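Undergrad: Below is a structure I'd like to ask you about.
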Amino acid sequence: MVFARKGKVAEARELGQEAAARAETTDFLYLLGDVYFYVGEAALLSNAASTAVIAYKKSLSFHEQKGNVPSANKVRSLLEKIT
Amino acid sequence: MDRILESAEGNPLFVEEMLRMMVDGGLLVKAGGRWVPTGDISSLSIPSTIHALLAARLDHLAPEEREALQCGSVVGQVFWWDFVATASPHDNQVVNAQALVRKELIRPEGKLVSGEVTFRFSHILIRDAAYLGIAKAARAELHERFAFWLESKWGKRSEAYEEIVGYHLEQAYRYRRELRPLNDATVMLGVRAAERLYSSGGRALNRSDTPAAIDLLGRATELLSPNHPLYLRSLFDLGSALSDRGELARAAALLEDVVQGAIAARNRALELKASLERESLLLHTDPEGRGQRIIAISNDALPLLEEQEDDSGLALVWFRIGWAKTMWCRYGEATEAMDQALVHAERAGDVRQQGRILLRLAASLDAGPIPAPDVLRRFADLLERAKGDRVCESAVLGEVAQMKALCGRFEEARQLCLQVGGTYHELGMQMAEAQNRADAARIEMLSGDISAAERQLRASLGGLTALGEKTHLSTRAAELAEILYLQGRYGEAEDFTRISEEMGRETM
């Protein structure tokens, strides 16, 4: 995300995908939800809105599975803004 | 009087004791409602210190009075007169007690629950002076006799006095060792003391009184020869207790001694259990490859311990497997391993293990795939099982706080987290306290108070660094990077991502 904010969008998205791949080896739903949230944010910063929506939806799904109300609400409101 | 005041140097006890000694010696009598000297006291010898004065006062007592005080002094500031009567070589104990009370050396303390008559030394320095007046050989004899008296007096209730009995046998052993070369009787005395201290240390571990456990188990090992079967068990438990207190390097060194001792004694089960505990400890300070080694040792240990029907050992191994799984964030598998561990710990009646298994089980449930409302329901059961174990109860409550935050109940979550941190602080559990601050940070992150989250997380990082703990540092550093990022402090955030990456590489 730091890379994305510094304009290194490609590196940011690559790192995001790597983080997601690593997180997918776990069943840590809180982490998975957060990782996909940032993957979505990196995509949004690089104007890839459709990719961002997919990532945000995944994030929402993980947070909802865990019953993580505040994080799910945060992602849901972002999704509402961009769709 | 001026000379007395000068020697007293402002210590009222000195003046009191000096006057009492003069009364005891007939140099001062009461006449017409006031104290008057019976002769010329200008050349009276005045001891230079309070200790010398008290020793002189005791020297002037009748032998049976002095010996009665000495017997009492072996017990402590409060003592049972019945023991004095049993141990004293003189048979006129009733007179003695009254005489000693009149001389204000002791005062009646009343009756304890036991119904025995007890007395208290008027001042702890009088007790000390009496104790120092006993020859070492007699001290050893009296300590041993008191231990015997206590055990025979209280029979089945002696478990409550076991630590005290252990202490007196230990003192007897130490004085004997100072006086003559070690012989079989003295070795046996040391073993009797160690057995009681070990047993008391085990109870201290079960009630999470880690400082007491370390003290008791450390003393037990010092009394035993390395060849004695209790020695390695005691050292193993001491290693666990030190690890609980965060003394990781010392604990790892002790556990290595247990591994070597178990190899020499061809005790494969103990060797594997100690290796497992040692590897688990080193996971904190030198994490590389430890997780895999823990699983490998566990796989070797499981069939052996199953064959030996060692439920306590099986609980330990399943616990460590679960722990390794949590290191890799496989919380579903960790939960299953912890559930297995709990079954064996309950079967073994191993209260301490049940406690720490519940603690980790709660953490696995918190992070794992089960939804927060279901986890909260499961926590109600865990809290019921944890009742009476403050550490375990606190750990589960800490996880309850996290689940409540996930459910959006922030104020309840904050209060619980604060309560848990207070308990850890009170119990001296520095590592748990540092982790508790990270839990508080997560609650604040969820609530959206990012600067509060930063404060808590920096406190957690500081605590972990001071303890030399590395396992959780990469996660904490990553969490801090996220917090800094959310505040737009991208440069600082990048620094912490690098730290996290570096620490994480070591852990995998």
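Line by line, the protein sequences are chains U and V.
Just so we're aligned, residue 25 is where the first sequence starts under my numbering, counting upward by one.
Just so we're aligned, residue 1495 is where the second sequence starts under my numbering, counting upward by one.
A virtual CB, placed ideally from N, CA and C, is assigned to each residue, including glycine.
Nothing here was measured: the structure is a model prediction, and the numbers come from that model.
Taking one C-beta from the stretch 1800-1813 of chain V and one from the stretch 1834-1850 of chain V each time, how about it: are there three or more such pairs within less than 8 Å?
TA: yes
Undergrad: Start and end of the alpha helix (DSSP H) containing V:R1772?
TA: 1762-1779
Undergrad: Give me the residue from V:Q1592, V:V1611, V:I1540, V:E1988 with the minimum Cα distance to V:W1574.
TA: With distances taken between Cα atoms, V:W1574 lies closest to V:V1611.
Undergrad: Return the CA-CA distance between V:T1532 and V:L1710, expressed in angstroms with no decimal places.
TA: 54 Å
Undergrad: Answer with buried or exposed for V:M2002, where buried requires no fewer than 16 other C-beta atoms within 10 angstroms of its C-beta.
TA: Confidence is the limiting factor: at V:M2002 the pLDDT is only 47, short of 50, which leaves the residue's position unreliable, though a coordinate-based value still follows. Here V:M2002 is exposed. Its C-beta has fewer than 16 other C-beta atoms within 10 Å.
Undergrad: Just tell me which of V:R1903, V:L1853, V:L1729 has its CA closest to the CA of V:A1688.
TA: V:L1729
Undergrad: What in chain U is Cβ-close to V:R1824, meaning under 9 Å?
TA: T49, T50, D51, F52
Undergrad: With distances taken between CB atoms, is the gap from V:M1516 to V:H1554 smaller than 8 Å?
TA: no
Undergrad: Please report whether the beta-carbon of V:T1917 lies at a distance below 8 Å from any beta-carbon of chain U.
TA: V:T1917 does not count as touching chain U.
Undergrad: Taking only beta-carbon atoms, is V:T1991 less than 8 Å away from chain U?
TA: yes
Undergrad: What I want to know is whether the C-beta of V:R1697 ends up closer than 7 Å to one or more non-hydrogen atoms of the ligand NAD.
TA: The ligand NAD is not among the ligands present in this structure, which contains no ligands whatsoever.
Undergrad: Give the interface partners of V:A1856 over in chain U, defined as CB-CB distance under 7 Å, in chain order.
TA: The contacting residues do not exist; V:A1856 stays about 15 Å from chain U at best.
Undergrad: Of all Cβ atoms in chain U, is any one closer than 8 Å to the Cβ of V:E1996?
TA: no
Undergrad: In chain U, which residues lie with their C-beta within 8 Å of the C-beta of V:E1893?
TA: Against chain U, the beta carbon of V:E1893 has no neighbour under 8 Å; the closest one sits roughly 13 Å away.
Undergrad: Do the stretch 1875-1889 of chain V and the stretch 1911-1926 of chain V make contact, defined as three or more Cβ pairs closer than 8 Å?
TA: yes
Undergrad: Could you check if U:K32 is buried or exposed, using at least 16 other CB atoms within 10 Å of its CB as the buried criterion?
TA: exposed
Undergrad: Only counting the same chain, and skipping five residues up and downstream in sequence, which positions put a Cβ closer than 8 Å to that of V:L1961?
TA: G1740, L1742, Q1924, M1925, A1928
Undergrad: Along chain U, in chain order, which residues have C-beta atoms closer than 8 Å to that of V:G1816?
TA: Chain U residues near V:G1816: none, gap ~14 Å exceeds 8 Å.
Undergrad: List the residues of chain U whose Cβ lies closer than 8 Å to the Cβ of V:E1988, in chain order.
TA: V26
Undergrad: Taking Cβ-Cβ distances shorter than 7 Å, what residues in chain U pair up with V:G1902?
TA: Within 7 Å Cβ-Cβ: V93, P94.
Undergrad: Just checking: is the beta-carbon of V:L1859 within a distance shorter than 8 Å of some beta-carbon in chain U?
TA: No, V:L1859 does not count as interfacial toward chain U.
Undergrad: Under DSSP, the beta strand (DSSP E) around V:F1573 begins and ends at which residues?
TA: 1572-1574
Undergrad: Let me know the secondary structure DSSP gives V:M2002 once reduced to three states.
TA: With a pLDDT of only 47 at V:M2002, under the threshold of 50, the placement of this residue in the model should not be trusted; the figure read from the coordinates follows. Here V:M2002 sits in coil by DSSP.
Undergrad: So if DSSP puts V:V1890 in a beta bridge, which residue, or which two residues, is it bridged to?
TA: Answer is none; V:V1890 lacks a bridge partner.
Undergrad: Kindly indicate if chain V contains any beta-carbon less than 8 Å away from that of U:Q41.
TA: no
Undergrad: How would you label V:V1569, buried or exposed, when you count the other beta carbons within 10 angstroms and need 16 or more for buried?
TA: buried
Undergrad: Mind listing the chain U neighbours of V:A1735? Cutoff is C-beta to C-beta under 8 Å, in chain order.
TA: By Cβ distance, chain U contributes nothing, its closest Cβ being about 31 Å from V:A1735, past 8 Å.
Undergrad: Closer than 6 Å by C-beta to V:A1880: which residues in its own chain qualify, once you throw out the five before and the five after it? Chain order, please.
TA: L1852, C1886, E1887, V1890
Undergrad: Let me see if you follow: with CB-CB separation under 8 Å, is V:A1866 close to chain U or not?
TA: Closer than 8 Å to some Cβ of chain U, the Cβ of V:A1866 qualifies, so yes.
Undergrad: Output, in chain order, the set of chain V residues within a Cβ distance shorter than 9 Å of U:L55.
TA: C1823, A1861
Undergrad: Going by alpha carbons, who is nearest to V:D1833 out of V:V1811, V:C1823, V:W1822?
TA: V:V1811
Undergrad: Just tell me which of V:G1849, V:G1696, V:I1789 has its CA closest to the CA of V:R1884.
TA: Closest by alpha carbon: V:G1849.
Undergrad: Let me know the secondary structure DSSP gives V:R1614 once reduced to three states.
TA: strand
Undergrad: Just to confirm, is the Cβ distance from V:E1750 to V:R1784 under 8 Å?
TA: No.
Undergrad: What residues from chain V crowd round U:R29, counting only those whose CB sits closer than 7 Å?
TA: Y1984
Undergrad: Could you please give the first and the last residue of the uninterrupted beta strand (DSSP E) stretch that includes V:L1555?
TA: DSSP places V:L1555 in no beta strand (DSSP E); its state is neither H nor E.
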